[in-house]
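Per this note's numbering, the very first residue in the sequence shown carries number 210; after that it's consecutive.
All C-beta atoms in this analysis are idealised placements derived from N, C-alpha and C, irrespective of residue type, glycine included.
These figures come from a predicted structure and were not determined experimentally.
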Amino acid sequence: MAAPPYRPDCSRLVGICVLLGAIWKIRAEQIRYSVPEELDKGSFVGNIAQDLGLEPRELAERGVRIVSRGRTQLFALNARSGSLVTAGRIDREELCDRSPNCVVSLEILLEDKVKIFGIEVEIIDVNDNAPNFGTEQREIKVTENEIPGTRFPLPEAFDPDVGVNSLQGYQLSSNVHFSLDVQSGADGIKYPELVLERSLDREEEAVHHLVLTAFDGGDRIHSGTAKIHVTLVDTNDNAPVFTQSEYHVSVRENAPVGSRLLTVKATDPDEGANGEVTYSFRKVRDKISQLFRLNSLNGDITILGDLDYEDSGFYDIDVEAHDGPGLRARSKVLVTVLDVNDNAPEVTVTSLISSIQETSSPGTVIALFNVHDSDSGENGLVTCSILNNLPFTLEKTYGTYHRLLTQRTLDREEVSEYNITVTATDHGTPPLSTQTHIAFQVADINDNPPSFPHASYSTYFHENNPRGASVLTMTAQDPDSIENARVTYSLAEDMVQGAPLSSYVSINSNTGVLYALRSFDYEQVKELKLLVTASDSGDPPLSSNVSLSLFVLDQNDNAPEILYPALPTDGSTGVELAPRSAEPGYLVTKVVAVDRDSGQNAWLSFRLLKASEPGLFAVGLHTGEVRTARALLDRDALKQSLVVAVQDHGQPPLSATVTLTVAVADSIPDVLADLDSMKAPADPDASGLTLYLVVAVAAVSCVFLAFVIVLLALRLRRWHASRLLPAVGGGLVGVGASPFVGVDGVRAFLQTYSHEVSLTADSRESHVIFPQPNYADTLISQESCAKSEPLLISQDLLETKGDPNLLQTPSAAVGQWAARVGVQDLPE
210 MAAPPYRPDC SRLVGICVLL GAIWKIRAEQ IRYSVPEELD KGSFVGNIAQ DLGLEPRELA
270 ERGVRIVSRG RTQLFALNAR SGSLVTAGRI DREELCDRSP NCVVSLEILL EDKVKIFGIE
330 VEIIDVNDNA PNFGTEQREI KVTENEIPGT RFPLPEAFDP DVGVNSLQGY QLSSNVHFSL
390 DVQSGADGIK YPELVLERSL DREEEAVHHL VLTAFDGGDR IHSGTAKIHV TLVDTNDNAP
450 VFTQSEYHVS VRENAPVGSR LLTVKATDPD EGANGEVTYS FRKVRDKISQ LFRLNSLNGD
510 ITILGDLDYE DSGFYDIDVE AHDGPGLRAR SKVLVTVLDV NDNAPEVTVT SLISSIQETS
570 SPGTVIALFN VHDSDSGENG LVTCSILNNL PFTLEKTYGT YHRLLTQRTL DREEVSEYNI
630 TVTATDHGTP PLSTQTHIAF QVADINDNPP SFPHASYSTY FHENNPRGAS VLTMTAQDPD
690 SIENARVTYS LAEDMVQGAP LSSYVSINSN TGVLYALRSF DYEQVKELKL LVTASDSGDP
750 PLSSNVSLSL FVLDQNDNAP EILYPALPTD GSTGVELAPR SAEPGYLVTK VVAVDRDSGQ
810 NAWLSFRLLK ASEPGLFAVG LHTGEVRTAR ALLDRDALKQ SLVVAVQDHG QPPLSATVTL
870 TVAVADSIPD VLADLDSMKA PADPDASGLT LYLVVAVAAV SCVFLAFVIV LLALRLRRWH
930 ASRLLPAVGG GLVGVGASPF VGVDGVRAFL QTYSHEVSLT ADSRESHVIF PQPNYADTLI
990 SQESCAKSEP LLISQDLLET KGDPNLLQTP SAAVGQWAAR VGVQDLPE
């Protein structure tokens, strides 16, 4: 069987592609350029737009900017060309000293995506420094008995450049006695030495003048020179020797100035001036001379300036010892600066959102910031934190960058502005921390409807209010802001007694003040039910409703209305009859009145305002009943005139008056006889009196006929006895009942005070039968009224022609009859 053809594993190829893509992405975020030092400002470094995959114009649109931390900004972005350029001249020696690799790191922020790209720019050294010996001349003392081959150390030149641009070698001016030999130490430094080739003769030549030249290896070779004066002295055959070839010492960076670092020691077995050793620094650089001091006599090295681990953590100091004649010895002092936690973390906010909507989803980026600590080790490890009760969280991103994110949806009505304190704390002992405040506002959306403090409202105001008067102020609160919190008010449309509600009241849409558009009458409208709507101005608008009850309070604006006795229409005065035999307390009549107001404004009281015979009659304060206060006397006039006043209890009180005429007689003929006697002196014509009597008989006949008809009706409708007097009761429709006198009481009164009348036509005599006195202070019930018997009138009067106006209550009929026969003309 043939083997199946080979097929590559697709899943493995996909995995390899994904891995290569991830590696490429990581590398893509780290961009590296090279640029030589000493370029002019604005020199091209690299095409950053092309390396970021952007067009040059997109650099400004997408917020691309440099956010590197540093004391001096070395580079800048050219937005027009999309390239990275130098911000000024770059001195590699100042920036990196003699470090073989000089790389400057910076970060590029892509602000619209909140993304960081690391940039490394390698600074390439150029040959811009010549070797320098640090001194123009050097004196070397040589004993005249030195043997050929003896070596003498020469001053060393220092070139701050690196690589081929640094010091490459030395040359010595032509001389028959000396030659030059260059040695290379373990650290790679070249040490020139002067080698004695021939024996010296001080008497022949006491001083030899040489020139030592040092050169580098750049494209343009630079060189430096030093004059060497070789002075021949007497024999000094021992040079100083250091106790150690290298001295190692460690010191904390916070060591106080003036403290002793260490002591170097060199010995010389010679005696006298040849054995006196002095100390000095070799190749002294400015930085070392500013930080350390060497005592030339005892070799003590002390701290001269403040040490800073962040500036330099290691110093290499060359120390030289020489005796009196000039023999020298070299040694090294290696100083290690130990870090202390003397730098608090630095927090740099690189991107910040000034406001965020309260509906933003959790995980929204608010700020991006960088944290840096110049210390090392544990002292340089930094932890960032915020308060736990805030709805935010911190997330570490590229390098030492952190992001501040929302942890949940925010609510502007709960907190409208946040001032978040980010605390960066290192791990040193003791720990140091830095606080940075990040402030932003929560933008409002319309998520709250207006709300009233109460579920419903009620208010009271008096009737007869002026039009346009303010009744009530409605206030709704909206916790939103600006337009979302601007509340307008309106009333729901409704009908009140057939008229639209808007014709009664209106509301100011801005202030919520409710106004009355008309003057209210309590007797017509006692209560209004409203529905007030409060709406905000958001998009979309939100609203809420509240019910409002308006209660109209009664005012005393209606005077009492007298129902009985009714005012006659023909200008005459009604007459009430009182027998001469009436005892004190006899009920003569009753004044019935009502008041359309309510409450205290409708409470009525009665009083006798004026009487023709004071003390004869009295009026019940609350019942209005007119009773005799004493027995009638013969000297009392036949006609008594009373003025009764009815007053309510309002403020101010209103009143009405009625005039009552009371005729005093035992019978109608007595009244007529008295009238005749009273009329005779005034009117001698007897024929006139006869005419009046005929008219009176006719009137009584009509009354009899009318009441016979009423009697028949009553018999047929016995079960409707309570509705005998609809004409009287109809006048009370819609009138509020007084707490003292009701409508039914009026009807009962009109029946209770009827009189039985018996007249005979032939004798011209009439008899009035008075009911027994009733001393009760209350009105007779409606049932008793229904049972009362009608008037008994003789049959002889049925044939008499009557006046239709006599079809009314008996007392009123008698009153009109008396008026017709001239009773109203009786003297007071």
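- Shown here, V696 sits in coil according to DSSP, grouped into three states, outside any helix or strand.
- Contact between the region 364 to 380 and the region 427 to 445 is present: three or more C-beta pairs spanning the two stretches fall below 8 angstroms.
- Collapsing the DSSP output to three states places D527 in a strand.
- Between the C-alpha atoms of K474 and L503 there is a straight-line separation of about 12 angstroms.
- Membership of L268 in the alpha helix (DSSP H) is indicated by the continuous run 267 to 270.
- Secondary structure of C311 (DSSP, three-state): coil.
- D527 is the residue among D527, T295, D517 whose C-alpha sits nearest the C-alpha of D396.
- Annotation note: the region 487 to 519 contains the following uninterrupted alpha helix (DSSP H) runs of length 4 or greater, listed N- to C-terminal: 495 to 500.
- Residue environment for F451: buried (at least 16 other C-beta atoms within 10 angstroms of its C-beta).
- Taken atom to atom, the span from the alpha-carbon of F490 to that of E529 is near 6 angstroms.
- Pairing E822 with F729, the inter-Cα distance amounts to about 46 angstroms.
- One thing to note: I240 has its Cβ no nearer than 9 angstroms to the Cβ of E320.
- Non-local C-beta neighbours of A694 in its own chain, meaning closer than 6 angstroms and more than five positions away in sequence, comprise D687, ordered along the chain.
- Annotation for Q453: S540 place their beta carbon closer than 7 angstroms to its own, counting only its chain and skipping 5 residues before and after.
- By the Cβ neighbour-count rule, G572 is exposed, with fewer than 16 other Cβ atoms within 10 Å of its own.
- By the criterion of at least three beta-carbon pairs nearer than 8 angstroms, the region 572 to 584 is in contact with the region 631 to 639.
- Check the Cα spacing between G343 and each of F367, E355, E413: the tightest is with F367.
- The beta carbons of N655 and G721 sit no closer together than 9 angstroms.
- Cα atoms of P749 and E736: separation of roughly 35 angstroms, rounded to the nearest angstrom.
- Between V741 and I716, the gap from beta carbon to beta carbon is short of 9 angstroms.
- The straight-line gap separating the alpha-carbon atoms of V273 and F326 is approximately 10 angstroms.
- Classified as buried, Y524 has 16 or more neighbouring CB atoms from the shown chains inside 10 Å of its CB.
- When secondary structure is reduced to three states using DSSP, Q809 falls in the helix class.
- At a Cβ-Cβ threshold of 9 angstroms, Q380 and T444 do not count as neighbours.
- Counting along the chain, Q259 sits inside the alpha helix (DSSP H) bounded by residues 257 to 260.
- Here DSSP, grouped into helix, strand and coil, assigns R537 to strand.
- The alpha-carbon of T568 is positioned some 19 angstroms away from that of L561.
- Scanning its chain for C-beta atoms nearer than 8 angstroms, with the 5 sequence neighbours on each side dropped, one finds around P862 the residues N765, Q856, in chain order.
- Close CB contacts of K819 within its chain, under the 6 angstroms cut and outside five residues either way in sequence, are with V852 (chain order).
- Put simply, the region 750 to 769 touches the region 655 to 670. At least three CB pairs are less than 8 angstroms apart.
- The shortest CA-to-CA distance from V784 to any of A872, F501, S679, A791 is the one to A872.
- Here N336 carries a coil assignment [DSSP, helix/strand/coil].
- Here G291 is buried: its Cβ has 16 or more other Cβ atoms, across all protein chains shown, within 10 Å.
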